[in-house]
Every structure is written in structure tokens, then in C-alpha cells.
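Worksheet: one structure, shown below.
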Amino acid sequence: MALLLRNEFRSVDIDKVVAMCLIHDMGECFTGDIPSFEKTDNDRETEDMLLEKWVDSLPKEVSDYLAALYKEMNEQKTAEAKIYKALDKLEALIQHNESPIDTWSENEYELNKVYGFDAVSFSEWLTELREKILDETMVKISVET
15 MALLLRNEFR SVDIDKVVAM CLIHDMGECF TGDIPSFEKT DNDRETEDML LEKWVDSLPK
75 EVSDYLAALY KEMNEQKTAE AKIYKALDKL EALIQHNESP IDTWSENEYE LNKVYGFDAV
135 SFSEWLTELR EKILDETMVK ISVET
């Protein structure tokens, strides 16, 4: 998704956004994929600790690069970090819209209506995309329930 936004966000380093998107779930290699609405602070701490240990084990140049990216992603201060976070949330919603509705848990019917709006609020373009995804969610819910 990030790769396709080069023309929408000309003032940002899209290659950095792509890198962030590629590495953002690496911690789940160590803990498994726990849905965000079920993940506890303890799960996050364990994931972060194991990821940091792995990053530190890499050659220094790679380790420093990844550590800097993760720091920037966590701080959410740069346009690149905000775009990555917004895309992460939007991609999850698109996946839900594409998956059979009988795979949705009870709380996802309401969560899919509100999830991600905070992450896209900095961008009119991403907010419009989020609204279109919501339209698709509402159609899916009305047709398949």
C-alpha cells in the first residue's frame, strides 16, 4: 500500500514508509499474531523485549538502522511514521472487509466502524480512504447479516 502512495505524499520519504511497513510486525515472529484488541501490555512488553534482543544481535549498521526506524515509528512524530501507522490500521480493516463475516468476532462489528479514524486524521486523503473503507464495511454488514 505504501509503495502506491508515492504520488499522494510527494513530500515524504516513501521508501522509509515502505521499510516501516515491512518491519512493523517483526515482533510477532517471536510471540505470534495477537489481535490488537486482545493484546495486553504484558504481551507488548514481551514482544518489544524479544524484538530488541533480536535487533541488537544483528550487525551494527543494520541494528542501528532498524532501531532508529522502530524509535521513529513508536514516537509517531514524523509524517512517515504517521503514514505507516495509518496504513497498518487501514490494511487491517480492508482484510476484515475481504474475509468472510462469520470469521468476525462479536466486537468487530462495532470496532470496524470506528477503528483507525484517529490514525488518519492528519491527512484529508487518508481520511477519505478510511470513509470509503467504512462504506464497504457497512455494505458487508448489511448484506451478510
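Residue numbers (the numbering used here): 15 to 159. Virtual Cβ for every residue (Gly too), placed ideally from N, Cα, C.
Note to self: Our contact map puts E89 next to A95 with C-beta atoms below 8 Å; I'd like the distance itself, whole angstroms only.
What the structure shows: Taking the first residue of the sequence shown as 1, we reach residue 89 at position 75. Taking the first residue of the sequence shown as 1, we reach residue 95 at position 81. Sure, about 7 Å apart at Cβ, within 8 Å.
Check: If you count every other CB in all the chains shown that lies within 10 Å of the CB of T11, and 16 or more means buried, which is it?
Finding: Lying before the first or after the last residue shown, residue 11 is absent from the chain, which here runs from 15 to 159.
Margin query: Quick check: I147 and L104, are their CB atoms within less than 8 Å of each other?
Written below: Residue 147 sits at position 133 when you count from the first residue of the sequence shown. Residue 104 sits at position 90 when you count from the first residue of the sequence shown. Against a cut-off of 8 Å, the Cβ pair of L104 and I147 comes out as a contact.
Note to self: Between which residues of its own chain and A33 is the CB-CB distance below 8 Å, once the five residues before and five after are set aside?
What the structure shows: Locating residue 33 in the sequence shown gives position 19, where the first residue counts as 1. Once the five neighbours on either side are set aside, the close Cβ partners of A33 are L83.
Notebook entry, point to check: If you count every other CB in all the chains shown that lies within 10 Å of the CB of L143, and 16 or more means buried, which is it?
Noted result: For the purposes of this step, residue 143 is identified with residue 129 of the sequence shown, where counting begins at 1. L143 is buried by the Cβ-count criterion.
Checklist line | T151 versus D102: straight-line alpha-carbon distance, rounded | finding: The count along the sequence shown starts at 1 and reaches residue 151 at position 137. The count along the sequence shown starts at 1 and reaches residue 102 at position 88. Each residue's alpha carbon lies about 17 Å from the other.
Next item on the list: Tell me, to the nearest whole angstrom, how far the beta carbon of Y129 is from that of L107; I am working on the premise that it is less than 8 Å.
Entry: In the sequence shown, residue 129 corresponds to position 115, counting from 1. In the sequence shown, residue 107 corresponds to position 93, counting from 1. About 6 Å; that satisfies the 8 Å criterion.
Check: When DSSP labels each residue in this structure, what does W118 get in the three-state scheme?
Finding: Locating residue 118 in the sequence shown gives position 104, counting from the first residue. Of the three classes helix, strand and coil, the one that applies to W118 here is coil, per DSSP.
Item checked: Burial state of K99 (16 or more Cβ within 10 Å) -> Counting from one through the sequence shown, the residue named residue 99 turns up at place 85. Result: buried.
Next item on the list: Locate the alpha helix (DSSP H) running through M40, then write down its first and last residues.
Entry: Stepping through the sequence shown from its first residue, residue 40 is reached at position 26. It is not in any alpha helix (DSSP H) - M40 carries neither H nor E in the DSSP assignment.
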